[in-house]
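Residue 6 is where the sequence shown starts when you use our numbering, and the numbers rise one by one after that.
Cβ atoms here follow ideal geometry from the backbone N, Cα and C, with glycine treated the same way.
Report on the following structure.
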Amino acid sequence: MPTLLHLDSSPRRDSVSRRLSAEFADAWRKAHPDGTYVHRDLAAEPVPHVDHAQIEVMHRLETEGTRDLAAARDAAKSAEEKESWTITWPLVEELLAADVILLGVPMYNFSVPSTFKAWFDRVLIAPLIADPATGEGPLSGKRVVVASARGGAYGPGTPREDCDHQEPYLKAALGMVGLAADLTFLHAEFTKSEHVPRLAGFKDTAAASYRTALDGARAHGEA
């Protein structure tokens with residue numbers, strides 16, 4: 006039976022990215038009534054940033070060239086390392102168990118929320134990194150959908166195209182662990198047009214963008 010791992014990172018309880026990710030999740034659960042659904046709210050329950058102990062373990066894995074996940078699971082040595090690793094390893098296991106990964110990631114200051122970055126920095130361990138020669142790794146073959154909300158417009162040809170450090174970052178970061186082969190972005194843009202006066206002229210554009218993203222979320226969830 007398939008497993009969906011659903012992550013939200015917006016602190017707003019009724020944010021656009023949450024609405025989009027919820028639409029996908031609802032459609033997916035209806036299409037897979039026997040599937041397993043795991044939801045992690047990175048804003049309500051933030052993952053701690055990496056600490057000295059985690060970095061020590063990660064450096065050891067890199068130095069020793071550890072690719073075996075069972076060995077990585079038991080890589081923490083000191084009490085401090087073990088305490089930190091008990092935060093990290095369940096996150097890694099959730100990722101490994103998922104068939105579909107749904108990421109609710111709004112654009113914050115041209116990039117991603119720190120809550121999402123803290124989660125990703127925890128799970129990006131050496132054994133998960135794809136082989137540079139083949140592009141394959143333990144996470145290869147999984148489907149990833151990003152539900153994104155953006156205050157303005159950052160697509161190709163827009164004046165702020167060069168300010169988009171959200172989608173390119175996610176493509177590169179997810180690609181490191183073999184998760185960019187089946188990667189879909191659902192962007193709702195001009196979300197700030199509702200409350201920023203200088204963007205009020207883009208309300209119709211925002212509404213159309215939101216409808217397109219919402220329809221896309223539903224369709225991809227049903228797939």
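**Asked** Assuming Ala30 and Leu9 make a contact with CB atoms under 8 Å, what is their CB distance in whole Å?
**Response** Right, the Cβ-Cβ distance comes to about 7 Å (below 8 Å), so this counts as a contact.
**Prompt:** Measuring CA to CA, which of Thr163, Val43, Asp209, Asp167 is closest to Leu12?
**Reply:** Nearest neighbour of Leu12 by Cα position, chosen from Thr163, Val43, Asp209, Asp167, turns out to be Val43.
**Request:** On a CA-only basis, which of Pro132, Glu61, Pro38, Glu199 is nearest Ala84? Give me that one, please.
**Result:** Closest by C-alpha distance to Ala84, out of Pro132, Glu61, Pro38, Glu199, is Glu61.
**Request:** Just confirm the distance between the C-beta atoms of Phe125 and Gln171, as a whole number of angstroms; I'd bet it's less than 8 Å.
**Result:** Between Gln171 and Phe125 the Cβ distance is about 13 Å, and since that is not below 8 Å, they are no contact.
**Closest by C-alpha distance to Ala211, when choosing among Gly221, Arg223, Gly40, Lys197** = Considering only alpha carbons, the answer is Lys197.
**Request:** Measure the beta-carbon distance from Gly146 to Ala135 and round it to whole angstroms, keeping in mind my assumption that it falls under 8 Å.
**Result:** Actually they are not in contact, since the Cβ atoms of Gly146 and Ala135 sit about 11 Å apart, beyond 8 Å.
**Request:** Could you check which residue in Ala224, His192, Met181 has the C-alpha nearest to that of Pro137?
**Result:** Comparing C-alpha distances from Pro137 to each of Ala224, His192, Met181 shows the shortest one belongs to Met181.
**Within 8 Å, strictly: CB atoms of Leu25 and Ala185** = Between Leu25 and Ala185, the C-beta gap is not smaller than 8 Å, which leaves the two residues out of contact.
**Of the listed residues Asp104, Pro38, Ser119, His37, nearest to Glu50 (C-alpha basis)** = Out of Asp104, Pro38, Ser119, His37, Ser119 has the C-alpha closest to the C-alpha of Glu50.
**Request:** May I ask you to report which of helix, strand or coil DSSP gives Val52?
**Result:** DSSP places Val52 in coil when its eight states are reduced to three.
**Item:** Residue from Met6, Ala158, Pro53 with nearest C-alpha to Thr41
**Value:** Out of Met6, Ala158, Pro53, Met6 has the C-alpha closest to the C-alpha of Thr41.
**Helix, strand or coil at Ala154 according to DSSP, with G and I counted as helix** = Strand at Ala154.
**Message:** Pull the bridge partners of Ala193 from the DSSP assignment, please.
**Reply:** DSSP, once it has assigned bridges, lists Ala154 as partnering Ala193.
**Prompt:** Which whole-angstrom value is the C-beta distance of Val117 and Ser22, which I expect to be below 8 Å?
**Reply:** Wrong, their Cβ atoms sit about 11 Å apart, outside the cutoff.
**Prompt:** Would you call the CB atoms of Glu88 and Ala58 closer than 8 Å?
**Reply:** Judged by beta-carbon spacing, Ala58 lies within the 8 Å limit of Glu88, meaning their Cβ atoms are closer than that value.
**Asked** Do Val52 and Arg155 have their CB atoms nearer than 8 Å?
**Response** With contacts defined as CB atoms closer than 8 Å, Val52 and Arg155 fail to qualify as a contacting pair.
**Request:** Measure how close the beta-carbons of Leu66 and Pro132 come, nearest whole angstrom, since I'm counting them as under 8 Å.
**Result:** That pair is a contact at about 7 Å.
**Helix, strand or coil at Ile60 according to DSSP, with G and I counted as helix** = It is helical.
**Asked** Just curious, the alpha helix (DSSP H) that Thr91 is in, first and last residue?
**Response** Thr91 -> alpha helix (DSSP H) spans 84-102.
**Message:** Could you give the first and the last residue of the continuous beta strand (DSSP E) run that contains Gly180?
**Reply:** Here Gly180 belongs to no beta strand (DSSP E); instead the alpha helix (DSSP H) covers 172-181.
**Request:** Return helix, strand or coil for Ser14, following the three-state DSSP convention.
**Result:** If DSSP states are grouped into helix, strand and coil, Ser14 belongs with coil.
**Request:** Pick out whichever of Glu69, Ala48, Thr163, Ile130 has its Cα sitting closest to the Cα of Thr93.
**Result:** If we check each option's Cα against that of Thr93, Ile130 comes out closest.
**Prompt:** What separation, rounded to the nearest whole angstrom, lies between the Cα atoms of Glu166 and Lys82?
**Reply:** Cα to Cα, Glu166 sits roughly 46 Å from Lys82.
**Message:** Once the 5 residues before and after Leu204 are set aside, which same chain residues still bring their CB inside 6 Å of it?
**Reply:** Contacts found: Lys197, Ser198.
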